[in-house]
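Undergrad: One structure follows; several queries about it will come next.
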Amino acid sequence: KMAGHMGAARVTTQNLEVVKTDAERGLIMIKGAVPGSKGGWVTVKDSVKKKLPDGVPFPAALKSAAAAAPAEAPAEGGEA
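Going by the numbering used here, the first residue of the sequence shown is number 9, and it counts up by one from there.
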């Protein structure tokens, strides 16, 4: 008889590179080994060990929120 429980533990893998995203199909292509079984749930978070450079989009950014922003501001002193 073997004692102990194995598996069903949360695993964190650091320093994986996001190669490509496909928003239409809801896919994230990651370079490296991702723990877990096929079809399992994966949580993707920003790195906590390095300061992010300016202008980096967050994983939780929504495409529709960026599209809702006005494309151009009206010019001052234009046609009346």
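For each residue, glycine too, the CB sits at the ideal point set by N, CA and C.
I believe Val-19 touches Pro-43 by the beta-carbon criterion, under 8 angstroms. Please report the beta-carbon distance rounded to the nearest angstrom.
TA: Yes, they are in contact, since the Cβ atoms of Val-19 and Pro-43 sit about 4 angstroms apart, within 8 angstroms.
Undergrad: Enumerate in chain order the residues of its own chain whose CB-to-CB distance from Leu-24 is below 6 angstroms, with the five nearest sequence positions on each side excluded.
TA: Hits under 6 angstroms: Ile-38, Gly-40.
Undergrad: Checking the sheet assignment: what are the DSSP bridge partners for Met-37?
TA: Answer by DSSP bridge pairing, in chain order: Lys-28.
Undergrad: I need the straight-line Cα distance from Ser-45 to Asp-62, nearest angstrom please.
TA: So the alpha carbons of these two residues sit roughly 35 angstroms apart.
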